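Participant:
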Amino acid sequence: MAFLLVSAYLLLTHARGAPVENGALLETLKSQVGLFSNKSEHYSAQVRPPGTSRQIPQTIIIGVRKGGTRALLEMLDIHPNIVVAATEVHFFDWDENYVKGIDWYRNLMPFSYGNQITIEKTPGYFTSPQAPGRIHDMNSSIKLLLILRDPTERVISDYTQVYYNRVESHKPVQLFEDIVIKNGVLNTKYKAIQRSLYDVHMEKWLKHFSLDQIHIVDGNTLIKDPLPELQKVERFLNLPSRIMSSNFYFNQTKGFYCIRSDGRERCLHESKGRPHPLVNTTVLEQLYSYFREHNAKFYRMVNHSFDWH
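Heads up: the sequence shown runs through residues -17 to -1, 1 to 292, numbered per mature numbering (1 follows the signal peptide of the UniProt record, and there is no 0).
1) Distance, Cα to Cα, THR143 vs ILE65?
2) Note down, in chain order, each residue of its chain lying with its Cβ closer than 7 Å to the Cβ of HIS73, except the 5 sequence neighbours on either side.
3) By Cβ distance, which residues of its chain are closer than 6 Å to HIS277, with the 5 residues on each side in sequence left out?
4) Enumerate in chain order the residues of its own chain whose CB-to-CB distance from TYR96 is below 7 Å, with the five nearest sequence positions on each side excluded.
5) By Cβ distance below 6 Å, which residues in the same chain neighbour LEU59 in space, the five residues on each side in sequence not counted?
6) Would you kindly work out how many angstroms separate the C-alpha atoms of LEU172 and GLY246, rounded to a whole number?
7) Going by DSSP in three states, LYS104 sits in which element: helix, strand or coil?
8) Whole angstroms are fine: how far does the CA of GLU268 sit from the CA of ILE43?
9) Between the C-alpha atoms of GLY84 and GLN113, what's the straight-line distance to the nearest angstrom?
10) Using only alpha-carbon positions, find the residue among PRO40, TYR146, VAL285 that is nearest to PRO260.
11) So the candidates are ILE118, GLU186, ARG132, ILE125; which of them puts its Cα closest to the Cα of PHE219?
12) Look at the alpha carbon of ASN286 and the alpha carbon of HIS153, and state the distance between them as a whole number of angstroms.
13) In its own chain, which residues sit with a C-beta less than 8 Å from the C-beta of ASP78, not counting the 5 before and 5 after it?
14) Taking all protein chains shown into account, decide if GLU10 is buried (16 or more other Cβ within 10 angstroms of its Cβ) or exposed.
15) Buried or exposed: ASP161, going by 16 or more other Cβ atoms within 10 Å of its Cβ?
16) From GLN196 to LEU128, what does the alpha carbon distance come to, in whole angstroms?
17) Kindly provide the ranges of any alpha helix (DSSP H) runs that are 4 or more residues long and lie completely inside the segment 120 to 150, ordered along the chain.
18) Let me know the beta strand (DSSP E) ranges lying completely inside the segment 51 to 78, each 3 residues or longer, listed in chain order.
19) If we call anything under 7 Å between Cβ atoms a contact, is ILE61 one with ILE226?
20) At which residues does the beta strand (DSSP E) containing GLY46 begin and terminate?
21) Which term fits SER14, buried or exposed, when burial requires 16 or more other beta carbons within 10 angstroms of its beta carbon?
22) I believe ASP133 touches ASN203 by the beta-carbon criterion, under 8 Å. Please report the beta-carbon distance rounded to the nearest angstrom.
23) Exposed or buried, what is VAL82 when buried is set at 16 or more other beta-carbons lying within 10 Å of its beta-carbon?
24) Ends of the beta strand (DSSP E) at ASN234?
25) Mind checking which residues open and close the beta strand (DSSP E) that includes PHE239?
26) Going by the beta-carbon positions, is the gap between THR175 and VAL138 smaller than 7 Å?
27) Please report how far the alpha carbon of SER244 lies from the alpha carbon of PHE159, in whole angstroms.
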């Protein structure tokens, strides 16, 4: 980092013909060359460090929406052998991006060294009909990460995100029960419910990838005790064990674990961990009942059971 700062400084002063004031140096560098201190920041304008290149991801977090994908990505970013894309790319699930081609996709990735794995995450991939085949066409041996949580909790979290987005945009909102129940029965056409049918979506992925290429992270466990889940990911990716318990601390105010690395402490965005609405017990039981058979089928597909309702 120091080398890059000095190099950029010399380039700037040479081009301007005069020294840059110390107080303005950092902001000048940011605006002129796109240099950032956090390796997870946006990389499109970053100066290329010597010996690095942009790589197509060797690993993709394919979902699921509101399953903990952002937490997983930021926690993996602690590892020195991992670099992560700053934003959700939506390359394989949005036709308007896919037609831009693989070079466009690669140019959205961070610079990495030869011993580093590039990871991107787009939760929409898991439920996309096109994504499995498109990712397979790019790299049939790629390793995929899928983070899941209790499907009923995921539905409520999905609703909560949309609710707050609408409130902040001054748009009308509906009660959870009014969306989930239509004419006295469960509204199984509700998109949030459709996204929680893990067996339906997993079936499409297993047509293109073997089960040993897909590692499932327990999102419920990651929230309560992140280290064991992250150690499993390290082993799945054949990486040395570098993530430690000291990289996490529990934030009593937010109610979840935050990250400590590179001498800094950071928590997920304030939009994460928002309080969920209290849901009618009868509605909850209807959701539990509906998902029970789908969950059982999913457990059989992946040869693993989860502590879901």
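C-beta atoms are modelled at their ideal positions from N, C-alpha and C, and glycine is treated no differently.
Small disclaimer: the values here were computed from a predicted structure and weren't measured.
Facilitator: The short version:
1) Taking the first residue of the sequence shown as position 1, residue 143 is located at position 160. Taking the first residue of the sequence shown as position 1, residue 65 is located at position 82. In a straight line, the C-alpha of THR143 is about 31 Å away from that of ILE65.
2) Counted from its first residue, the sequence shown places residue 73 at position 90. ASN80, THR105, GLY107.
3) As a working mapping, residue 277 is identified with position 294 in the sequence shown. So the list reads LEU180, ASP182, once near-sequence residues are dropped.
4) Numbered from its first residue, the sequence shown carries residue 96 at position 113. Here the set comprises GLY34, THR35.
5) Translated into the one-based positions of the sequence shown, residue 59 becomes position 76. These residues qualify, in order along the chain: ILE65.
6) Locating residue 172 in the sequence shown gives position 189, counting from the first residue. Locating residue 246 in the sequence shown gives position 263, counting from the first residue. Reading off the sequence, residue 172 comes out as Lys, not Leu. About 47 Å.
7) Here residue 104 corresponds to residue number 121 of the sequence shown, with the count starting at 1. Correct three-state label for LYS104: strand.
8) Walking along the sequence shown from the start, residue 43 turns up at place 60. Walking along the sequence shown from the start, residue 268 turns up at place 285. Going from the Cα of ILE43 to the Cα of GLU268 covers about 34 Å.
9) By one-based count along the sequence shown, residue 84 stands at place 101. By one-based count along the sequence shown, residue 113 stands at place 130. When rounded, the distance between both Cα atoms is 15 Å.
10) To locate residue 260, count along the sequence shown from 1; it is residue 277. For the residues PRO40, TYR146, VAL285, the minimum Cα distance to PRO260 belongs to TYR146.
11) Taking the sequence shown and counting its residues from 1, one reaches residue 219 at position 236. Looking at the Cα atoms, ILE125 is the closest of the given residues.
12) Within the sequence shown, numbered from 1, the residue matching residue 286 stands at position 303. Within the sequence shown, numbered from 1, the residue matching residue 153 stands at position 170. If I take the Cα positions, the gap works out to 45 Å.
13) Taking the first residue of the sequence shown as 1, we reach residue 78 at position 95. Excluding positions up to five away in sequence, the list reads GLN113.
14) Position 27 of the sequence shown, counted from the first residue, corresponds to residue 10. For GLU10, the predicted model reports a pLDDT of 36, less than 50, meaning its position is unreliable; a value from the coordinates is still stated below. It is exposed - the Cβ of GLU10 has fewer than 16 other Cβ atoms within 10 Å.
15) For the purposes of this step, residue 161 is taken as residue 178 along the sequence shown, with counting starting at 1. Burial call: exposed.
16) As a first step, residue 196 is located in the sequence shown; it is residue number 213 there, counting from the start. As a first step, residue 128 is located in the sequence shown; it is residue number 145 there, counting from the start. Near 9 Å, if we compare the C-alpha coordinates of LEU128 and GLN196.
17) none
18) 65 to 67
19) Reading the sequence shown from its first residue, position 78 is the one you call residue 61. Reading the sequence shown from its first residue, position 243 is the one you call residue 226. Result yes, Cβ atoms of ILE61 and ILE226 sit closer than 7 Å.
20) If you number the sequence shown from 1, residue 46 lands on position 63. Its beta strand (DSSP E) spans residues 42 to 46.
21) Sequence index remark: in the sequence shown, residue 14 carries index 31 (1-based). Since pLDDT at SER14 reaches only 34, below the 50 mark, its modelled position is unreliable, and no value is offered.
22) Position 150 of the sequence shown, counted from the start, is the residue given in the question as residue 133. Position 220 of the sequence shown, counted from the start, is the residue given in the question as residue 203. Confirmed, Cβ separation roughly 6 Å.
23) Locating residue 82 in the sequence shown gives position 99, where the first residue counts as 1. Burial call: exposed.
24) As a position in the sequence shown, residue 234 is number 251, starting the count at 1. Per DSSP, ASN234 belongs to the beta strand (DSSP E) from 231 to 234.
25) Counted from its first residue, the sequence shown places residue 239 at position 256. It spans 239 to 244 - the beta strand (DSSP E) in which PHE239 sits, taken as one unbroken run.
26) One-based indexing of the sequence shown puts residue 175 at position 192. One-based indexing of the sequence shown puts residue 138 at position 155. Sequence inspection shows Ala at residue 175; the Thr mentioned does not correspond to that position. Yes, the pair counts as a contact, with Cβ atoms nearer than the cut-off.
27) Here residue 244 refers to the residue found at position 261 when the sequence shown is read from its first residue. Here residue 159 refers to the residue found at position 176 when the sequence shown is read from its first residue. So the two alpha carbons sit approximately 38 Å from each other.
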